[in-house]
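Novice: First the structure, which I've put down as structure tokens, then a few questions once you've had a look.
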Amino acid sequence: MFNKGSELLDLCNKENKKISDIVIEKEMKLSNSSLEEVIGIMKETFKVMEKSATEALNKEVRSVSGLTGGNAKKVEEYRNSRKTLSGVFINSAMSKALSTSEVNASMGKVCAAPTAGASGILPSAILSAKEKLESDDDTTIRGLFVAAGIGEIVAKNATVSGAEGGCQAECGVAAAMAAAGIVEMAGGTPQMSLDAAGFALINIMGLVCDPIAGLVEYPCSLRNASGVVNALISADMAMAEVESLVPFDEVVEALYKVGKALPESLRETALGGIAATPTGKELSRRLFS
Amino acid sequence: MKEYGVFDILGPVMVGPSSSHTAGAARLGKIASEISGGGFYKVEFHLHGSFAKTYKGHGTDKALVAGILGYSPSDEELRDSFQLAKDKGILFEFIETEMEYAHPNTAKIVFKYKDRPDFYITGSSIGGGSIIITDIDGDEVEFTGEYPTIILKYKDQKGMISKISSILANHEINIATMKVSRDGDNATMFCEIDTPIEENVVEEIKNIKEITRAKFIL
Ligand code: SF4
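As you go down the protein sequences, you meet chains A and B in turn.
The first sequence begins at 0 in numbering that gives the first Met the number 0 and counts up by one.
The second sequence begins at 0 in numbering that gives the first Met the number 0 and counts up by one.
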């Protein structure tokens, strides 16, 4: 069992195992299930993720409120048709993240990871890495277990709720989970996974939660797109052997303290940030009058 | 420190957009409908707080209706629940209201029948798709629907609690929580148990002669 990143690392080093091994073993114990059962549920979960990440790429999916939609398709078409600034791979990752976000806002099926609002980041990161690295199914599924392990640590020691800790706790943590997962998929060490997760959190520390009209749409979808990019570059940095000066657990603690310090207006109340701009308020008024 | 499992973090698999406003609402409707026992022709949803303010944008309305039709938070039918209710001839209405001291995401769900008085259930969606039922037709309660639950009404007299617990014990069923409230001569018992119970145990409990009403949410 592990509660902290340092404990997870110790277990990996002592037993000469990967993070995914430790997380899978813990899950088997906790849920009293066999290896096949645990892997089986994860495969089903991954199917939901794959579907949500691709569903809105070729057809325009609009949200229930009518506020957002169609952007996944736009980015997908753009990266296919023109020279892009950040490259085909990054644009493709963004369109997949937007896809899940849009499916979520349209009352489609998603897997909360760690929340519904941030559910676009992990599927896109894992799928993008799988394509790029040509990973086999086992490696891919293991990436998801690593991500879950990181999420567990943050949920235990800080929070994964926007209402409690701002968007850094949702889109930030999703990016951290994804970064750690794809590092293992790329053959990185457990330490590199934790460093990557730490980088992802450091990159967006302080990010507020300010959804227009209180709906999980805008700026949420944009932050899913930028969140997956955050995950990819954080993983690359760790794979390049850039080391984190501050250990992961301390970064998590900092995230928690920053979240606590955020005023309530910036924690999902739709009273601050983008929600409180004149346009944000006007859109909200129109939706609910 | 609360222990988290892998699928607490990667999950729930749900229909969006919001675990509290959509998934929780569907769950609330579903459990309320299970308690009601069905047979209603109309349902009124009285919405309080954030539910009242944002129900359209979050699809809370569609989720609640899907719930009372028996769908789960991960069923894609949630999106089309209004049509599904129409097909079944079930009417529904949303009423924005204010309830004192209620959680921001609270709904009072009133079931209407042709042949008997209304029956209502009040509950709140408390985050992450979890819910809590707080009132069943005037009885204050507190249960989450995460465990199988037994609800009994009976003429209050000595020995009833031990009668019921010994039936459960005989079948090796663990009681997680038990709460009894009294109103004059009548008592209501809510009992959450660790594992679902078999039909024969249900019958055995129903056969206790003092029991006037029994509901099993398994
Ligand atoms: S802005 Fe708030 S609601 Fe939107 S994804 Fe971030 S934390 Fe979730």
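Backbone N, C-alpha and C fix where the C-beta goes; we use that ideal spot for every residue, glycine too.
Every value quoted in this text rests on a predicted model; they were computed, and no experiment measured them.
So what does DSSP say about B:Lys214, is it helix, strand or coil?
Specialist: strand
Novice: Could you name the residues of chain B that A:Glu26 contacts, counting a contact when the two beta carbons are closer than 7 Å?
Specialist: Taking a Cβ-Cβ threshold of 7 Å, the residues of chain B close to A:Glu26 are Gly4, Val5, in chain order.
Novice: Out of A:Leu231, A:Glu267, A:Lys259, A:Leu214, state which residue places its alpha-carbon closest to the alpha-carbon of A:Arg284.
Specialist: A:Leu214
Novice: Given a cut-off of 9 Å on the beta-carbon distance, is the pair A:Ser160 and A:Thr114 in contact?
Specialist: yes
Novice: Counting only beta-carbon separations shorter than 9 Å, does A:Ile40 have a partner in chain B?
Specialist: yes
Novice: Quick one, which of B:Val5, B:His47, B:Lys41, B:Gly38 has its alpha-carbon nearest B:His20's?
Specialist: B:His47
Novice: Determine, using beta carbons only, whether B:Glu75 comes closer than 9 Å to chain A.
Specialist: yes
Novice: Output yes if chain B places a C-beta closer than 9 Å to the C-beta of A:Phe1; else output no.
Specialist: no
Novice: Answer with buried or exposed for A:Leu244, where buried requires no fewer than 16 other C-beta atoms within 10 angstroms of its C-beta.
Specialist: exposed
Novice: Using a Cβ-Cβ cutoff of less than 6 Å, which residues in the same chain neighbour A:Ser289 once the five nearest sequence positions on both sides are dropped?
Specialist: Residue 289 of chain A is absent from the model: chain A starts at 0 and stops at 288.
Novice: For A:Val257, tell me which candidate among A:Ser80, A:Lys95, A:Cys208, A:Ser62 has the shortest Cα-Cα distance.
Specialist: A:Cys208
Novice: List the residues of chain B whose Cβ lies closer than 7 Å to the Cβ of A:Cys110, in chain order.
Specialist: Leu9, Gly10, Val12
Novice: Can you give the Cα-Cα distance for B:Ile149 and A:Gly197, rounded to whole angstroms?
Specialist: 47 Å
Novice: Quick one: grab the DSSP three-state call for A:Ala196.
Specialist: helix
Novice: Hey, does B:Lys85 have any beta-carbon neighbour from chain A nearer than 9 Å?
Specialist: no
Novice: Please report the straight-line C-alpha distance between A:Gly119 and A:Arg266, rounded to a whole angstrom.
Specialist: So the alpha carbons of these two residues sit roughly 20 Å apart.
Novice: In whole angstroms, what separates the C-alpha of B:Phe110 from that of A:Leu261?
Specialist: Each residue's Cα considered, the two are about 42 Å apart.
Novice: Excluding the 5 residues preceding and the 5 following A:Thr83 in the sequence, name in chain order all residues of the same chain whose CB lies nearer than 6 Å to its CB.
Specialist: Asn90
Novice: For chain A, find out if any of its Cβ atoms is closer than 9 Å to the Cβ of B:His57; answer yes or no.
Specialist: yes
Novice: Go through its chain and collect everything with a Cβ distance to B:Met188's Cβ below 6 Å, but skip five positions before and after it.
Specialist: Leu151, Val179.
Novice: Put B:Thr133 into one of helix, strand or coil per three-state DSSP.
Specialist: In the structure shown, B:Thr133 sits in a strand (DSSP, three-state: E or B).
Novice: Answer yes or no: do A:Ala274 and A:Ile203 have a C-beta to C-beta separation smaller than 9 Å?
Specialist: no
Novice: State yes or no: is the C-beta of A:Ala128 within less than 9 Å of the C-beta of A:Ala234?
Specialist: yes
Novice: Should A:Glu263 be counted as a contact of the ligand SF4 given a C-beta to heavy atom distance under 8 Å?
Specialist: no
Novice: Got a sec, what are the start and stop residues for the alpha helix (DSSP H) A:Arg141 sits in?
Specialist: 136-156
Novice: DSSP state of A:Glu49, grouped into three classes?
Specialist: helix
Novice: Going by CA-CA distance only, name the one from B:Arg181, B:Glu191, B:Gly158 that's closest to B:Ile174.
Specialist: B:Glu191
Novice: Going by the CB atoms, is the gap between B:Met13 and A:Val109 shorter than 9 Å?
Specialist: yes
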